[in-house]
Amino acid sequence: MQLIKSLFCRHGFDNRQRFTIISVTCFMAFIIFNESLSQFKSSAIVLLLLCSLVCLASTRRRLNDAKLHSNWLVAPAGSFLIVGSVIVLTGSSASYWLLLIPLITVLLLLTYPSSNNKQYIFGYNGPVNLADFQSANKSNSRNNQRVEPTMNGGNNSTTLGNTNSSKLHERNNAISSTTFDENQESINRTKDVELGESIRIALFNYKYFKVSLVAISFLLLLIVFVSVFWAEPQSAEIPTDEFIEVQEPIIEFQNKLTLPDNFSIMTSPENGIILHWQADNDENDEVWSLATAVGNKNCENISFSKGEIIRTYRVNIIDNGYYAHFSPLDTNAIINNIVFKNTFSLCEYSFSLKGSQAALGKSDFYGELIQY
Numbered sequence: 000m001q002l003i004k005s006l007f008c009r010h011g012f013d014n015r016q017r018f019t020i021i022s023v024t025c026f027m028a029f030i031i032f033n034e035s036l037s038q039f040k041s042s043a044i045v046l047l048l049l050c051s052l053v054c055l056a057s058t059r060r061r062l063n064d065a066k067l068h069s070n071w072l073v074a075p076a077g078s079f080l081i082v083g084s085v086i087v088l089t090g091s092s093a094s095y096w097l098l099l100i101p102l103i104t105v106l107l108l109l110t111y112p113s114s115n116n117k118q119y120i121f122g123y124n125g126p127v128n129l130a131d132f133q134s135a136n137k138s139n140s141r142n143n144q145r146v147e148p149t150m151n152g153g154n155n156s157t158t159l160g161n162t163n164s165s166k167l168h169e170r171n172n173a174i175s176s177t178t179f180d181e182n183q184e185s186i187n188r189t190k191d192v193e194l195g196e197s198i199r200i201a202l203f204n205y206k207y208f209k210v211s212l213v214a215i216s217f218l219l220l221l222i223v224f225v226s227v228f229w230a231e232p233q234s235a236e237i238p239t240d241e242f243i244e245v246q247e248p249i250i251e252f253q254n255k256l257t258l259p260d261n262f263s264i265m266t267s268p269e270n271g272i273i274l275h276w277q278a279d280n281d282e283n284d285e286v287w288s289l290a291t292a293v294g295n296k297n298c299e300n301i302s303f304s305k306g307e308i309i310r311t312y313r314v315n316i317i318d319n320g321y322y323a324h325f326s327p328l329d330t331n332a333i334i335n336n337i338v339f340k341n342t343f344s345l346c347e348y349s350f351s352l353k354g355s356q357a358a359l360g361k362s363d364f365y366g367e368l369i370q371y
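Mapping the sequence shown onto our numbering, position 206 (from 1) lands on 205, and the numbers just tick up by one.
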């Protein structure tokens with residue numbers, strides 16, 4: 000619990016190793032969980048806010064450790080929050096390149112060394128007490144030491160003296176080894192500081208500042224360009240397919256003629272009759288098919304008055320309208336029944352044929368099919 004509290008502490012100090020681990024872990028956790036929660040954007044936003052808060056607190060402690068001005072406070076966490084929001088809302092995998100922006104600010108803060116020599120526990124120094132973890136490690140190492148028993152009681156004093164002498168020798172070796180390790184660590188830390196500061200000074204030196212600024216700007220523009228145009232070819236193909244799909248039924252129909260009772264008659268390229276009228280729903284579906292004999296049985300035949308019945312070939316609903324297809328073999332029979340009959344019913348719809356003879360007689364195509 001104390002270790003978790005130290006992640007949100009604002010008044011402590013983080014060394015460079017801890018700051019790096021926390022920042023990179025926040026970035027990786029966001030990437031992994033965002034991919035897992037791609038269908039739940041609100042959950043991804045909550046996770047992004049939590050990671051940004053942890054990153055913000057760690058940045059505050061890193062600034063305290065390096066004695067830097069608070070102007071740098073929102074640079075890593077703020078850029079991470081903005082970039083993460085863009086990634087979640089766009090849903091594009093290419094947008095993950097934008098995480099290089101907060102990563103650059105994190106790397107920049109790593110070039111500043113710690114201002115004072117502090118005692119760190121897991122890279123942290125502050126009001127949250129993590130000494131229990133250090134005590135647990137010491138007690139475990141102490142428990143691992145084992146005293147060998149002796150079988151001869153007469154040599155107890157000699158054995159005890161040898162044991163004490165051995166322990167004293169080991170302690171002296173441990174102290175000298177620890178001193179050597181601390182000196183070596185101090186030397187390595189000095190080298191790291193010199194390396195980090197030399198990189199930062201070289202980049203932000205007046206002589207090279209313009210070159211560094213141009214290089215960073217070019218990198219950011221390249222990231223934005225790749226993120227925006229990565230998926231463009233795929234999105235351009237979709238409207239073309241939809242356009243062809245919508246236009247297919249329109250190209251198929253010929254000789255369309257609307258009759259008085261609000262239904263239309265037209266022909267297919269094979270001169271089969273097609274009847275069209277308004278549907279009650281807008282779901283595109285195949286209502287009946289002679290090939291499979293599956294569908295609404297009320298659409299199986301068209302029934303004219305006085306018992307004339309003709310089988311349909313296929314009945315569809317397209318764009319909120321019924322389309323009943325008939326075989327070209329029945330074209331003449333259907334036209335003459337429409338001309339000389341009074342009504343017909345199909346798919347539980349009834350239509351009056353009053354005025355149909357005059358309308359069809361005026362058509363050059365249908366007029367030639369009427370047999371008086």
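Think of the CB as a built atom: it goes at the ideal place given N, C-alpha and C, for glycine as much as any other residue.
Item	Value
Range of the contiguous alpha helix (DSSP H) that encloses Asn335	330 to 339
Residue nearest to Gly83 in terms of C-alpha spacing, selected from Cys50, Trp276, Arg59, Ser113	Cys50
Simplified DSSP assignment, three categories, for Arg313	strand
Contact check, Arg60 vs Gly11, beta carbons under 7 Å	yes
Phe262 classed as buried or exposed, judged by whether at least 16 other C-beta atoms fall within 10 angstroms	buried
Residue environment, Thr104, which counts as buried when at least 16 other CB atoms sit within 10 Å	buried
Span separating the alpha-carbon of Val87 from that of Ile316	39 Å
Which listed residue (Ala323, Met265, Leu352, Tyr123) has its alpha carbon closest to that of Phe364	Met265
Those runs of the alpha helix (DSSP H) which lie wholly inside the segment 13 to 76 and span at least 4 residues	15 to 35, 40 to 65
For Pro75, the nearest candidate out of Ala332, Met27, Glu269, Leu107 (CA to CA)	Leu107
Contact test: Leu102 Cβ vs the ligand FAD heavy atom, cutoff 6 Å	The ligand content of the structure shown is nil, which means the ligand FAD is not present either.
Own chain, CB closer than 6 Å to Ala43, minus 5 neighbours either side, in chain order	Asn33, Leu36, Val87
Cβ-Cβ distance between Ser351 and Leu256 below 7 Å	no
Host alpha helix (DSSP H) of Ser5 (start-end)	1 to 6
Coarse secondary structure for Val85, derived from DSSP in three states	helix
Bridge-paired residues (DSSP) for Tyr123	Asp13, Ile120
Whole-angstrom distance between Tyr95 and Ile30, CA atom to CA atom	8 Å
Simplified DSSP assignment, three categories, for Gln253	strand
Ile369: first and last residue of the uninterrupted alpha helix (DSSP H) it sits in	Run containing Ile369: none; DSSP gives neither H nor E here.
Residue from Ile81, Phe121, Pro126 with nearest C-alpha to Phe132	Phe121
Inter-residue Cα distance where the pair is Phe343 and Glu269	24 Å
One or two residues paired with Tyr322 in a DSSP bridge	His275, Asn315
Among Phe39, His68, Leu55, the one whose alpha carbon lies nearest that of Ser22	Leu55
Cα-Cα separation between Leu359 and Val293, rounded to whole angstroms	33 Å
Contacting residues, own chain, Cβ-Cβ under 7 Å from Lys166 (five flanking each side not counted)	Reliability fails at Lys166, whose pLDDT of 49 lies under 50, so the model's placement of it is uncertain and the value that follows must be treated cautiously. Once the five neighbours on either side are set aside, Lys166 has no close Cβ partner at all.
C-beta contact flag for Tyr322 and Trp276 at 7 Å	no
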